[in-house]
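Just below is one structure, and these are the notes that go with it.
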Amino acid sequence: MNLTEREKLLLPIFPAILVFTIYAWAYGARTHSRLTAAQDQLAEMEQDAASAVTTQQIWQQEMRRDDLRRRMEAAEQRRTLLRQQADELTGALTARRRDIDVMDQLVGLLHRHRITLEEELPARGQEAAGMAGSLEQAFRTLQESIAPPQPTARTRTARARAATAVRVPTASAPEDRLRRLRFQGRFSDVMAALNELARADDGAVAISLEMEEVGPTGIYSNIRRWTLWLRV
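When we follow the numbering used here, the leftmost residue of the sequence shown carries the number 1321, and every step to the right adds one.
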């Protein structure tokens, strides 16, 4: 087959090849455009999905963080409350322990001075409210009424007056810090015990004293009943 015959053979199909090529190019370009658009849309959808997951995770983390913060605040409040309660309990126990130690020392002091303790009670409010005068005045009154030179009618009158309460102010002493001791003993032993108590550094302070006769009212009657108010 020579060149002329070949050209004659290709000449009828050349337009078809050209049309097919143009159509294939156009179809391929459109398909590529669609594919590119689909890829872009898919990428955008994937990005949106990733963004949505990330936002949800951040929101969940913020919720967990807020919940943890609330738990921490509640735990801190409970710890503060427990610490306050523990401090109050420790203070109460310490004060109670101190009161017990002070009373033990007072019992030992009375025993050393041959004084018989009858009872120990918290002072009642109406008793504490009625105190007046000073402990020094009480001592002077008791000394004048108990140790006169001779037993006379005037002495017996003074003894009777000494049986009434001789009290001192207690405005600075809370009611729950007051204690009342009732005991029996001689005047000299009681005065010696009070002097020792005044010199002691155990926190107990005598603030009121009462005396009453427990037997004959003559000069040779030694044992008397006493009521002592203390601030501990």
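Glycine included, every Cβ here is placed at the ideal spot set by N, Cα and C.
In the three-state scheme derived from DSSP, where H, G and I count as helix and E and B as strand, Ile1543 is classed as strand. In this structure, Arg1418 and Gly1523 form a Cβ contact; the two beta carbons are roughly 7 Å apart against a cut-off of 8 Å. By the criterion of a C-beta distance shorter than 8 Å, Gly1505 is surrounded in its chain by Leu1430, His1433, Arg1434, Ile1435, Thr1436, Ala1513, Ile1543, Arg1544 and Trp1546, once the five residues flanking it on both sides are discounted.
Ala1357 and Glu1366 have their alpha carbons spaced roughly 14 Å apart. Taking the C-beta atoms as reference points, Trp1549 is found nearer than 8 Å to Leu1498. A direct Cα-to-Cα measurement between Thr1351 and Asp1368 gives close to 25 Å. Here the alpha carbon of Glu1439 sits roughly 6 Å from the alpha carbon of Leu1501.
Rounded to the nearest whole angstrom, the CA to CA distance from Arg1551 to Asp1387 is 52 Å. DSSP places Gly1523 in the coil class of the three-state scheme, outside both helix and strand.
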